[in-house]
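The structure appears right after this line, and notes come after that.
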Amino acid sequence: MQAMKLLALGIFCAAQVSATEPGVPANLEPLPEAAPAPPEPVQSGESLEPDIRIIQKKDAIIEEYRLNGNLYMVKVIPAVGRPYYLLDQDGDGRMETNMSEIYSDFVVPQWVLFSW
Numbered sequence: 227m228q229a230m231k232l233l234a235l236g237i238f239c240a241a242q243v244s245a246t247e248p249g250v251p252a253n254l255e256p257l258p259e260a261a262p263a264p265p266e267p268v269q270s271g272e273s274l275e276p277d278i279r280i281i282q283k284k285d286a287i288i289e290e291y292r293l294n295g296n297l298y299m300v301k302v303i304p305a306v307g308r309p310y311y312l313l314d315q316d317g318d319g320r321m322e323t324n325m326s327e328i329y330s331d332f333v334v335p336q337w338v339l340f341s342w
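Letter 11 of the sequence shown, counting from 1, is numbered 237 in our numbering, and no numbers are missing.
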């Protein structure tokens with residue numbers, strides 16, 4: 227008997243809630259069926275991300291960054307000290323240093339390979 231009263235009360239409350247909901251506006255548009263198609267892949271053949279080659283040595287880690295096969299930046303992370311960059315800023319194939327103000331007088335190490 228108690229269950230019947232609870233069931234009747236539940237039906238009555240559900241009817242009251244549905245009766246108090248406002249009507250659906252006439253100017254509603256239906257939701258789209260599916261998400262829009264993704265954009266087409268790049269057709270030019272150029273890669274958008276650089277190729278990164280990581281070389282681990284015992285005293286440093288060297289990261290080479292290439293775009294379309296051309297080396298444009300080298301990041302050197304020494305075992306002791308701060309990382310620094312060598313950049314090809316003008317596209318001539320020669321790397322220039324780009325250091326922070328801490329290393330304002332930094333000189334790229336150079337060695338004599340041949341002499342006579």
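Think of the CB as a built atom: it goes at the ideal place given N, C-alpha and C, for glycine as much as any other residue.
Taking the C-alpha atoms as reference points, what is the distance between Pro256 and Pro262? Against the sequence shown, residue 256 aligns to sequence position 30. Against the sequence shown, residue 262 aligns to sequence position 36. Cα-Cα distance, rounded: 15 Å.
Exposed or buried, which one is Glu327 when buried takes at least 16 other CB atoms within 10 Å? The sequence position of residue 327 within the sequence shown is 101, counting from 1. Reliability of the predicted coordinates at Glu327 is poor, the pLDDT of 47 falling under 50, and no value is obtained from them.
Within 10 angstroms of the Cβ of Leu254, are there 16 or more other Cβ atoms? Answer buried if so, exposed if not. Residue 254 sits at position 28 when you count from the first residue of the sequence shown. So Leu254 ends up on the exposed side.
Give me, in chain order, the residues of the same chain whose beta-carbon lies closer than 7 Å to that of Ile280; leave out the 5 immediate sequence neighbours on both sides. Start at 1 with the first residue of the sequence shown, and residue 280 comes out as number 54. These residues qualify, in order along the chain: Ile287 and Glu289.
Lys283 by DSSP, collapsed to three states: which one? Taking the first residue of the sequence shown as 1, we reach residue 283 at position 57. In the structure shown, Lys283 sits in coil (DSSP, three-state: anything other than H, G, I, E or B).
Out of curiosity, what's the CA-to-CA distance linking Pro309 and Glu266? Counting from one through the sequence shown, the residue named residue 309 turns up at place 83. Counting from one through the sequence shown, the residue named residue 266 turns up at place 40. Approximately 39 Å between the Cα atoms of the pair.
Closest by C-alpha distance to Ile278, when choosing among Asp285, Lys284, Pro264 and Leu293: For the purposes of this step, residue 278 is taken as residue 52 along the sequence shown, with counting starting at 1. Cα-wise, what sits closest to Ile278 is Leu293.
From Val302, Pro304 and Leu297, pick the residue whose C-alpha is nearest to that of Gly319; which is it? Taking the first residue of the sequence shown as position 1, residue 319 is located at position 93. Nearest option by C-alpha distance: Leu297.
DSSP three-state assignment for Leu297, whether helix, strand or coil: For the purposes of this step, residue 297 is identified with residue 71 of the sequence shown, where counting begins at 1. Leu297: strand per DSSP, three-state reduction.
Counting only the same chain and skipping the five closest in sequence on each side, list residues whose C-beta sits under 8 Å from that of Ala305. Walking along the sequence shown from the start, residue 305 turns up at place 79. So the list reads Lys284, Asp285 and Ala286, once near-sequence residues are dropped.
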